[in-house]
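Take a look at the structure below.
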Amino acid sequence: MTFTQLSFLSAFLPLFLLAGILTRGKRISPNFHIASGLIFLLLWGVVPAAIFVGFIALNALVMGLKGKTRVIWAVLLNLGFIALYKLLPFWGRESWSFHVPLGISYAALQALSFHINQEKGSVVQLAHYLLFLPKLPMGPITAYQDFVNQPQERAERLEDLYQGLCRIILGLSKKLLVADRLALLTQTLKTAAPQDQGIALAVLAALIFPLQLYLDFSGYTDIALGMARTVGYRLPENFRQPFRAESLRDFWRRWHQSLTNWIGRYVYIPLGGSRRGTARTAMNTVIVYVLIALWHGVSAGFLLWGLWNALLILLERRQFIQPARWPKALRRVYVYMSAVVGFAFFMMAGTGPAGFSAFTKLGTPALALAQLRPGVVLAVALAVLIVLLEGRGLMQRLPKFARHTALLILLALCLLATAGGSHLPFLYAAF
(Lines of atoms letter the chains of each structure in order from A; the text may use other names.)
(Lines give C-alpha, C1' and ligand atoms only; values in the text may rest on other atoms or scores of the structure.)
Protein backbone atom coordinates (compact mmCIF):
# COMPACT_ATOMS: atom_id res chain seq x y z
CA MET A 152 0.00 0.00 0.00
CA THR A 153 1.18 3.51 -0.83
CA PHE A 154 -0.17 7.00 -0.21
CA THR A 155 -1.52 7.20 -3.77
CA GLN A 156 -3.38 3.89 -3.99
CA LEU A 157 -7.16 4.03 -4.12
CA SER A 158 -7.47 1.64 -1.16
CA PHE A 159 -5.39 4.02 0.96
CA LEU A 160 -7.23 7.17 -0.14
CA SER A 161 -10.71 5.70 0.13
CA ALA A 162 -10.39 3.62 3.32
CA PHE A 163 -7.13 3.79 5.26
CA LEU A 164 -6.65 7.56 5.13
CA PRO A 165 -10.19 8.50 6.25
CA LEU A 166 -9.99 6.03 9.16
CA PHE A 167 -6.54 7.33 10.13
CA LEU A 168 -7.72 10.94 10.08
CA LEU A 169 -10.88 10.19 12.06
CA ALA A 170 -9.10 8.17 14.75
CA GLY A 171 -6.19 10.61 14.84
CA ILE A 172 -8.51 13.55 15.43
CA LEU A 173 -10.47 11.71 18.13
CA THR A 174 -7.31 10.67 20.02
CA ARG A 175 -5.49 13.98 19.52
CA GLY A 176 -4.00 15.29 22.74
CA LYS A 177 -5.01 12.19 24.72
CA ARG A 178 -2.75 9.69 26.46
CA ILE A 179 -3.78 7.01 23.99
CA SER A 180 -2.54 9.06 21.01
CA PRO A 181 1.02 7.60 20.87
CA ASN A 182 -0.39 4.06 21.02
CA PHE A 183 -2.79 4.84 18.18
CA HIS A 184 0.03 6.16 16.01
CA ILE A 185 2.20 3.12 16.78
CA ALA A 186 -0.68 0.82 15.81
CA SER A 187 -1.48 2.70 12.59
CA GLY A 188 2.18 2.60 11.54
CA LEU A 189 2.39 -1.14 12.23
CA ILE A 190 -0.80 -1.85 10.28
CA PHE A 191 0.52 0.15 7.33
CA LEU A 192 3.78 -1.81 7.43
CA LEU A 193 1.89 -5.12 7.53
CA LEU A 194 -0.09 -4.07 4.47
CA TRP A 195 3.25 -3.37 2.78
CA GLY A 196 4.52 -6.85 3.68
CA VAL A 197 4.71 -9.18 6.68
CA VAL A 198 8.47 -9.82 6.42
CA PRO A 199 9.43 -6.12 6.03
CA ALA A 200 7.14 -5.29 8.97
CA ALA A 201 8.79 -7.95 11.12
CA ILE A 202 12.24 -6.63 10.22
CA PHE A 203 11.18 -3.07 11.10
CA VAL A 204 9.87 -4.25 14.48
CA GLY A 205 13.18 -6.04 15.04
CA PHE A 206 15.00 -2.84 14.11
CA ILE A 207 13.03 -0.93 16.77
CA ALA A 208 13.69 -3.70 19.32
CA LEU A 209 17.44 -3.54 18.69
CA ASN A 210 17.39 0.23 19.11
CA ALA A 211 15.45 -0.25 22.34
CA LEU A 212 18.23 -2.52 23.61
CA VAL A 213 20.80 0.16 22.74
CA MET A 214 18.76 2.62 24.83
CA GLY A 215 19.83 0.62 27.89
CA LEU A 216 23.47 1.56 27.36
CA LYS A 217 25.09 4.74 28.67
CA GLY A 218 27.25 7.55 27.33
CA LYS A 219 29.66 6.97 24.48
CA THR A 220 28.99 3.23 24.49
CA ARG A 221 25.37 3.89 23.58
CA VAL A 222 26.32 6.30 20.79
CA ILE A 223 28.89 3.90 19.33
CA TRP A 224 26.43 1.01 19.25
CA ALA A 225 23.71 3.28 17.87
CA VAL A 226 26.00 4.32 15.02
CA LEU A 227 27.02 0.74 14.26
CA LEU A 228 23.44 -0.52 14.37
CA ASN A 229 21.70 2.16 12.36
CA LEU A 230 24.38 2.83 9.76
CA GLY A 231 24.78 -0.93 9.53
CA PHE A 232 21.11 -1.29 8.59
CA ILE A 233 21.49 1.35 5.89
CA ALA A 234 24.69 -0.23 4.54
CA LEU A 235 23.18 -3.72 4.57
CA TYR A 236 20.28 -2.82 2.31
CA LYS A 237 22.28 -0.52 0.05
CA LEU A 238 24.83 -3.29 -0.58
CA LEU A 239 22.35 -6.10 -1.35
CA PRO A 240 22.72 -5.71 -5.15
CA PHE A 241 26.50 -6.17 -4.84
CA TRP A 242 25.97 -9.46 -3.03
CA GLY A 243 23.69 -10.81 -5.74
CA ARG A 244 20.67 -10.52 -3.45
CA GLU A 245 18.42 -8.29 -5.56
CA SER A 246 15.49 -10.60 -4.75
CA TRP A 247 15.87 -9.66 -1.09
CA SER A 248 14.93 -6.09 -1.98
CA PHE A 249 11.29 -7.16 -1.63
CA HIS A 250 11.97 -7.60 2.08
CA VAL A 251 13.55 -4.18 2.61
CA PRO A 252 11.52 -2.47 5.35
CA LEU A 253 9.61 0.58 4.21
CA GLY A 254 11.42 3.79 5.14
CA ILE A 255 14.36 2.07 6.84
CA SER A 256 16.95 4.60 5.59
CA TYR A 257 14.90 7.47 7.02
CA ALA A 258 14.15 5.63 10.27
CA ALA A 259 17.82 4.75 10.82
CA LEU A 260 18.91 8.40 10.69
CA GLN A 261 16.09 9.39 13.05
CA ALA A 262 16.91 6.57 15.47
CA LEU A 263 20.54 7.65 15.48
CA SER A 264 19.60 11.24 16.31
CA PHE A 265 17.32 9.91 19.08
CA HIS A 266 20.25 8.14 20.75
CA ILE A 267 22.59 11.12 20.35
CA ASN A 268 20.21 13.73 21.76
CA GLN A 269 17.87 11.83 24.09
CA GLU A 270 19.61 10.60 27.24
CA LYS A 271 16.44 8.98 28.55
CA GLY A 272 13.41 7.59 26.82
CA SER A 273 10.98 4.72 26.65
CA VAL A 274 10.29 2.10 24.02
CA VAL A 275 6.87 3.69 23.46
CA GLN A 276 8.48 7.07 22.76
CA LEU A 277 10.94 5.52 20.32
CA ALA A 278 8.26 3.47 18.54
CA HIS A 279 5.90 6.46 18.33
CA TYR A 280 8.69 8.55 16.83
CA LEU A 281 9.74 5.97 14.23
CA LEU A 282 6.30 4.57 13.34
CA PHE A 283 4.41 7.86 13.00
CA LEU A 284 2.58 7.13 9.75
CA PRO A 285 2.83 10.45 7.86
CA LYS A 286 6.64 10.35 7.88
CA LEU A 287 7.09 6.57 7.92
CA PRO A 288 7.57 5.86 4.18
CA MET A 289 9.96 8.65 3.12
CA GLY A 290 10.38 11.16 5.93
CA PRO A 291 10.81 14.04 6.32
CA ILE A 292 13.66 13.20 8.69
CA THR A 293 12.57 14.84 11.93
CA ALA A 294 14.52 15.59 15.10
CA TYR A 295 12.92 13.92 18.11
CA GLN A 296 12.74 17.18 20.08
CA ASP A 297 10.85 18.82 17.22
CA PHE A 298 8.51 15.84 16.97
CA VAL A 299 7.61 15.32 20.62
CA ASN A 300 7.43 18.90 21.92
CA GLN A 301 4.28 19.90 20.08
CA PRO A 302 1.28 21.29 21.95
CA GLN A 303 -2.04 19.79 20.89
CA GLU A 304 -4.29 22.86 21.18
CA ARG A 305 -7.98 22.15 20.82
CA ALA A 306 -8.67 25.56 19.29
CA GLU A 307 -6.62 24.73 16.18
CA ARG A 308 -8.30 21.44 15.31
CA LEU A 309 -10.64 22.68 12.57
CA GLU A 310 -7.97 24.90 11.02
CA ASP A 311 -5.45 22.05 11.11
CA LEU A 312 -7.95 19.68 9.50
CA TYR A 313 -8.76 22.15 6.72
CA GLN A 314 -5.16 23.15 5.97
CA GLY A 315 -4.02 19.54 6.19
CA LEU A 316 -6.64 18.29 3.73
CA CYS A 317 -5.83 21.12 1.31
CA ARG A 318 -2.16 20.20 1.37
CA ILE A 319 -2.91 16.50 0.88
CA ILE A 320 -4.93 17.32 -2.25
CA LEU A 321 -2.22 19.58 -3.65
CA GLY A 322 0.41 16.91 -2.99
CA LEU A 323 -1.65 14.22 -4.71
CA SER A 324 -2.12 16.56 -7.68
CA LYS A 325 1.61 17.16 -8.03
CA LYS A 326 2.31 13.44 -7.98
CA LEU A 327 -0.59 11.89 -9.89
CA LEU A 328 -1.43 14.61 -12.40
CA VAL A 329 2.02 15.99 -13.24
CA ALA A 330 5.00 13.93 -12.00
CA ASP A 331 3.60 10.60 -13.21
CA ARG A 332 2.99 12.09 -16.67
CA LEU A 333 6.56 13.37 -16.83
CA ALA A 334 7.77 9.90 -15.82
CA LEU A 335 6.78 8.57 -19.25
CA LEU A 336 10.06 9.92 -20.63
CA THR A 337 12.34 8.12 -18.18
CA GLN A 338 10.23 4.98 -18.52
CA THR A 339 10.74 5.09 -22.28
CA LEU A 340 14.49 5.41 -21.74
CA LYS A 341 14.38 2.25 -19.61
CA THR A 342 12.17 0.18 -21.89
CA ALA A 343 13.13 1.27 -25.43
CA ALA A 344 14.94 -1.23 -27.60
CA PRO A 345 18.74 -0.80 -27.53
CA GLN A 346 18.82 0.39 -31.14
CA ASP A 347 16.28 3.12 -30.34
CA GLN A 348 17.99 4.46 -27.24
CA GLY A 349 20.14 7.44 -28.05
CA ILE A 350 21.35 10.85 -27.05
CA ALA A 351 18.20 12.70 -28.17
CA LEU A 352 15.95 10.64 -25.91
CA ALA A 353 18.49 10.71 -23.07
CA VAL A 354 18.91 14.50 -23.21
CA LEU A 355 15.15 15.05 -23.35
CA ALA A 356 14.65 12.79 -20.33
CA ALA A 357 17.49 14.52 -18.48
CA LEU A 358 15.99 17.97 -19.10
CA ILE A 359 12.64 16.88 -17.68
CA PHE A 360 13.84 14.63 -14.86
CA PRO A 361 14.59 17.37 -12.26
CA LEU A 362 10.99 18.57 -12.57
CA GLN A 363 9.67 15.01 -12.31
CA LEU A 364 11.79 14.23 -9.26
CA TYR A 365 10.89 17.49 -7.53
CA LEU A 366 7.14 17.18 -8.08
CA ASP A 367 7.20 13.49 -7.16
CA PHE A 368 9.08 14.01 -3.87
CA SER A 369 7.58 17.36 -2.91
CA GLY A 370 4.15 15.90 -3.72
CA TYR A 371 4.81 13.13 -1.21
CA THR A 372 6.07 15.70 1.30
CA ASP A 373 2.88 17.73 0.92
CA ILE A 374 0.81 14.60 1.58
CA ALA A 375 2.93 13.69 4.62
CA LEU A 376 2.85 17.18 6.13
CA GLY A 377 -0.86 17.48 5.41
CA MET A 378 -1.62 14.15 7.11
CA ALA A 379 0.49 15.14 10.11
CA ARG A 380 -1.22 18.49 10.45
CA THR A 381 -4.71 17.00 10.43
CA VAL A 382 -3.82 15.05 13.58
CA GLY A 383 -2.02 17.93 15.27
CA TYR A 384 1.64 17.54 14.29
CA ARG A 385 3.98 19.87 12.39
CA LEU A 386 6.72 18.13 10.43
CA PRO A 387 9.69 20.00 8.93
CA GLU A 388 9.55 21.20 5.34
CA ASN A 389 11.64 19.31 2.82
CA PHE A 390 11.64 21.87 0.01
CA ARG A 391 11.62 25.64 -0.33
CA GLN A 392 11.20 26.46 -4.03
CA PRO A 393 14.61 24.96 -4.98
CA PHE A 394 14.48 25.97 -8.63
CA ARG A 395 14.15 29.59 -7.64
CA ALA A 396 17.60 29.36 -6.02
CA GLU A 397 20.29 31.65 -7.40
CA SER A 398 23.34 29.46 -6.78
CA LEU A 399 23.92 25.77 -6.26
CA ARG A 400 24.78 26.40 -2.61
CA ASP A 401 21.40 28.11 -2.29
CA PHE A 402 19.76 25.19 -4.11
CA TRP A 403 21.03 22.76 -1.48
CA ARG A 404 19.63 24.93 1.29
CA ARG A 405 16.24 24.41 -0.35
CA TRP A 406 16.41 20.78 -1.61
CA HIS A 407 15.63 17.78 0.64
CA GLN A 408 16.21 20.02 3.62
CA SER A 409 15.58 17.38 6.27
CA LEU A 410 18.42 15.18 4.91
CA THR A 411 20.88 18.02 4.31
CA ASN A 412 20.14 19.47 7.76
CA TRP A 413 20.77 16.06 9.36
CA ILE A 414 24.06 15.60 7.48
CA GLY A 415 25.09 19.16 8.32
CA ARG A 416 24.30 18.75 12.01
CA TYR A 417 25.82 15.32 12.58
CA VAL A 418 28.62 15.20 9.98
CA TYR A 419 29.66 18.56 8.51
CA ILE A 420 29.74 20.59 11.74
CA PRO A 421 31.49 17.88 13.83
CA LEU A 422 34.13 17.62 11.08
CA GLY A 423 34.81 21.33 11.49
CA GLY A 424 32.52 22.72 8.82
CA SER A 425 34.11 25.67 7.05
CA ARG A 426 36.09 26.89 10.06
CA ARG A 427 39.39 25.04 9.58
CA GLY A 428 40.88 26.40 6.40
CA THR A 429 40.37 25.96 2.68
CA ALA A 430 41.67 22.41 2.34
CA ARG A 431 39.69 21.10 5.31
CA THR A 432 36.52 22.83 4.10
CA ALA A 433 36.94 21.26 0.67
CA MET A 434 37.45 17.81 2.19
CA ASN A 435 34.41 18.23 4.47
CA THR A 436 32.27 19.33 1.52
CA VAL A 437 33.28 16.31 -0.55
CA ILE A 438 32.62 13.98 2.40
CA VAL A 439 29.14 15.45 2.89
CA TYR A 440 28.05 15.05 -0.72
CA VAL A 441 29.58 11.60 -1.06
CA LEU A 442 27.64 10.52 2.04
CA ILE A 443 24.44 12.05 0.64
CA ALA A 444 25.06 10.11 -2.57
CA LEU A 445 25.76 6.82 -0.77
CA TRP A 446 22.64 7.25 1.38
CA HIS A 447 20.70 7.10 -1.89
CA GLY A 448 22.55 4.05 -3.11
CA VAL A 449 25.94 2.50 -3.79
CA SER A 450 26.34 3.04 -7.53
CA ALA A 451 28.49 5.00 -9.95
CA GLY A 452 25.53 7.19 -10.90
CA PHE A 453 24.82 8.36 -7.36
CA LEU A 454 28.51 8.84 -6.61
CA LEU A 455 29.01 10.98 -9.73
CA TRP A 456 25.94 13.00 -8.75
CA GLY A 457 27.40 13.68 -5.32
CA LEU A 458 30.84 14.59 -6.68
CA TRP A 459 29.31 16.90 -9.30
CA ASN A 460 27.49 18.86 -6.63
CA ALA A 461 30.57 18.99 -4.40
CA LEU A 462 32.68 20.29 -7.29
CA LEU A 463 30.31 23.12 -8.21
CA ILE A 464 29.80 24.14 -4.60
CA LEU A 465 33.56 24.31 -4.06
CA LEU A 466 33.96 26.38 -7.23
CA GLU A 467 31.27 28.75 -5.96
CA ARG A 468 32.87 28.93 -2.53
CA ARG A 469 36.26 29.81 -4.07
CA GLN A 470 34.50 32.30 -6.40
CA PHE A 471 35.61 30.63 -9.61
CA ILE A 472 31.87 30.64 -10.32
CA GLN A 473 30.16 33.83 -9.15
CA PRO A 474 26.41 33.65 -9.82
CA ALA A 475 25.80 36.76 -7.69
CA ARG A 476 27.33 38.87 -10.47
CA TRP A 477 25.01 37.51 -13.14
CA PRO A 478 21.49 38.63 -14.11
CA LYS A 479 18.80 36.84 -12.11
CA ALA A 480 17.50 34.93 -15.14
CA LEU A 481 20.98 33.60 -15.89
CA ARG A 482 21.41 32.53 -12.26
CA ARG A 483 18.19 30.52 -12.46
CA VAL A 484 19.26 28.90 -15.74
CA TYR A 485 22.64 28.02 -14.22
CA VAL A 486 20.99 26.37 -11.21
CA TYR A 487 18.56 24.37 -13.33
CA MET A 488 21.16 23.21 -15.85
CA SER A 489 23.52 22.27 -13.01
CA ALA A 490 20.66 20.20 -11.60
CA VAL A 491 20.01 18.68 -15.03
CA VAL A 492 23.61 17.44 -15.32
CA GLY A 493 23.71 16.22 -11.73
CA PHE A 494 20.34 14.51 -11.84
CA ALA A 495 21.28 12.90 -15.16
CA PHE A 496 23.77 10.83 -13.15
CA PHE A 497 21.04 10.29 -10.53
CA MET A 498 18.59 9.18 -13.24
CA MET A 499 21.13 6.81 -14.79
CA ALA A 500 21.61 5.16 -11.40
CA GLY A 501 17.94 4.16 -11.70
CA THR A 502 17.91 3.23 -15.38
CA GLY A 503 21.03 1.07 -15.19
CA PRO A 504 23.51 0.53 -18.06
CA ALA A 505 20.89 1.55 -20.63
CA GLY A 506 20.85 5.09 -19.26
CA PHE A 507 24.63 5.47 -19.48
CA SER A 508 24.90 3.95 -22.96
CA ALA A 509 22.06 6.09 -24.33
CA PHE A 510 24.29 9.18 -24.07
CA THR A 511 26.95 7.54 -26.26
CA LYS A 512 24.95 6.69 -29.40
CA LEU A 513 22.67 8.38 -31.89
CA GLY A 514 19.72 6.03 -31.49
CA THR A 515 16.40 7.03 -33.01
CA PRO A 516 15.80 10.80 -32.70
CA ALA A 517 12.21 10.34 -33.89
CA LEU A 518 11.51 8.30 -30.75
CA ALA A 519 12.43 11.30 -28.60
CA LEU A 520 10.14 13.59 -30.58
CA ALA A 521 7.34 11.02 -30.32
CA GLN A 522 7.43 11.37 -26.52
CA LEU A 523 6.31 15.00 -26.80
CA ARG A 524 2.67 14.06 -27.05
CA PRO A 525 0.01 16.47 -25.72
CA GLY A 526 -0.24 14.93 -22.25
CA VAL A 527 3.50 15.20 -21.65
CA VAL A 528 3.71 18.74 -23.05
CA LEU A 529 0.82 19.79 -20.79
CA ALA A 530 2.54 18.17 -17.80
CA VAL A 531 5.76 20.06 -18.58
CA ALA A 532 3.83 23.33 -18.81
CA LEU A 533 2.09 22.64 -15.50
CA ALA A 534 5.40 21.71 -13.87
CA VAL A 535 6.99 24.98 -14.98
CA LEU A 536 3.97 26.92 -13.70
CA ILE A 537 4.16 25.18 -10.33
CA VAL A 538 7.88 25.97 -10.03
CA LEU A 539 7.31 29.63 -10.93
CA LEU A 540 4.19 30.23 -8.84
CA GLU A 541 4.61 27.91 -5.84
CA GLY A 542 4.90 29.64 -2.49
CA ARG A 543 3.22 32.86 -3.63
CA GLY A 544 -0.06 32.13 -1.86
CA LEU A 545 -2.15 32.21 -5.04
CA MET A 546 -4.56 29.54 -3.82
CA GLN A 547 -5.28 31.53 -0.65
CA ARG A 548 -6.03 34.63 -2.70
CA LEU A 549 -8.85 32.93 -4.56
CA PRO A 550 -12.41 33.48 -3.30
CA LYS A 551 -13.50 30.60 -1.06
CA PHE A 552 -15.95 29.18 -3.58
CA ALA A 553 -13.38 29.19 -6.38
CA ARG A 554 -10.69 27.73 -4.11
CA HIS A 555 -12.91 24.94 -2.83
CA THR A 556 -14.19 24.16 -6.32
CA ALA A 557 -10.63 23.93 -7.64
CA LEU A 558 -9.61 21.61 -4.79
CA LEU A 559 -12.61 19.33 -5.36
CA ILE A 560 -11.85 19.14 -9.09
CA LEU A 561 -8.22 18.29 -8.37
CA LEU A 562 -9.28 15.61 -5.87
CA ALA A 563 -11.69 14.08 -8.40
CA LEU A 564 -8.98 14.01 -11.08
CA CYS A 565 -6.55 12.38 -8.65
CA LEU A 566 -9.07 9.70 -7.69
CA LEU A 567 -9.76 9.01 -11.37
CA ALA A 568 -6.03 8.72 -12.05
CA THR A 569 -5.38 6.29 -9.21
CA ALA A 570 -8.58 4.31 -9.90
CA GLY A 571 -7.37 3.84 -13.46
CA GLY A 572 -4.17 2.28 -12.16
CA SER A 573 -1.98 4.95 -13.74
CA HIS A 574 -0.13 5.89 -10.55
CA LEU A 575 3.55 5.03 -10.19
CA PRO A 576 5.62 4.37 -7.05
CA PHE A 577 7.21 7.39 -5.42
CA LEU A 578 10.80 7.71 -6.63
CA TYR A 579 12.20 8.18 -3.13
CA ALA A 580 10.46 5.04 -1.87
CA ALA A 581 13.46 3.23 -3.34
CA PHE A 582 15.74 4.82 -0.76
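When you line the sequence shown up against the working numbering, it's residues 152 to 582, in that order. Using N, Cα and C, we set each Cβ at its ideal position, and we do this for glycine too.
Alpha carbons only, please: which of the options is nearest the one belonging to residue i?
i	options	result
Leu462	Arg332, Tyr440, Ala480, Asn268	Tyr440
Glu388	Pro421, Gly370, Leu284	Gly370
Met434	Val213, Ala570, Tyr419	Tyr419
Ala500	Pro478, Leu481, Gly457	Gly457
Pro576	Leu561, Phe368, Arg391	Phe368
Ala353	Val222, Val492, Phe167	Val492
Leu340	Leu239, Ala495, Val274	Ala495
Pro361	Ser489, Glu467, Gln269	Ser489
Gln473	Gly544, Arg400, Pro550	Arg400
Leu442	Ile233, Gly171, Phe402	Ile233
His266	Gly231, Lys219, Arg308, Glu310	Lys219
Phe298	Leu312, Ala278, Glu310	Ala278
Met94	Ser161, Phe206, Arg318	With the chain running from 152 to 582 in the structure shown, residue 94 is simply not present.
Leu216	Ala430, Lys271, Gly231	Lys271
Val329	Asn268, Gly542, Lys551, Val527	Val527
Leu316	Leu160, Phe283, Gln276	Leu160
Leu121	His555, Ala208, Leu312	Here the chain comprises residues numbered 152 to 582, so residue 121 is not present and cannot be evaluated.
Ile359	Leu549, Ala563, Leu533	Leu533
Phe402	Glu310, Gly544, Glu467	Glu467
Ser425	Val484, Ile464, Arg221, Pro525	Ile464
Leu284	Val531, Thr372, Arg543	Thr372
Ala396	Ala444, Leu539, Trp413, Phe471	Leu539
Ala444	Ile414, Ala430, Thr432, Thr174	Ile414
Asn210	Ile190, Val251, Gly231	Gly231
Leu578	Gln338, Leu549, Ala208	Gln338
Gly572	Asp331, Val251, Val197	Asp331
Pro288	Ile190, Ala208, Leu235	Ile190
Gly196	Val251, Ser450, Trp477	Val251
Would you call the CB atoms of residue i and residue j closer than 8 Å?
i	j	result
Ala258	Leu281	yes
Phe203	Leu212	no
Gly377	Gly290	no
Leu355	Leu336	yes
Ala568	His574	yes
Arg482	Ser398	yes
Leu333	Gln363	yes
Lys237	Gly452	no
Arg405	Gln392	yes
Ser264	Tyr417	yes
Leu260	Ile292	yes
Phe183	Ile374	no
Glu558	Ile320	Note that residue 558 is Leu in the sequence shown here, rather than Glu. A contact, by the Cβ cut-off of 8 Å.
Arg308	Ile172	yes
Met152	Phe167	no
Met498	Ala294	no
Asn229	Ala262	yes
Cys565	Leu327	yes
Between residue i and residue j, which are expected to be in contact by the criterion C-beta below 8 Å, what is the C-beta distance as a whole number of angstroms?
i	j	result
Leu386	Lys286	6 Å
Gly383	Gly188	At roughly 16 Å, the Cβ-Cβ gap does not stay under 8 Å, so Gly383 and Gly188 are not in contact.
Ala570	Leu157	5 Å
Val486	Phe394	7 Å
Pro165	Leu253	In fact, because the Cβ distance is near 21 Å, the residues do not count as touching under 8 Å.
Cys561	Ser324	Reading the sequence as shown, one finds Leu at residue 561 and not Cys. Contact holds; Cβ gap of about 5 Å.
Leu422	Ile438	7 Å
Asn268	Gln296	7 Å
Query raised in the report: Along the chain, which unbroken stretches of the alpha helix (DSSP H) at least 4 residues long are found entirely within the stretch 266-325?
Result: 274-282, 295-299, 308-323
**Report entry** alpha helix (DSSP H) runs contained entirely in the stretch 406-432, provided each spans 4 or more residues
**Finding:** 408-414
Query raised in the report: Curious, which full-length beta strand (DSSP E) runs of at least 3 residues does the stretch 368-410 contain?
Result: Qualifying beta strand (DSSP E) stretches: none in this window.
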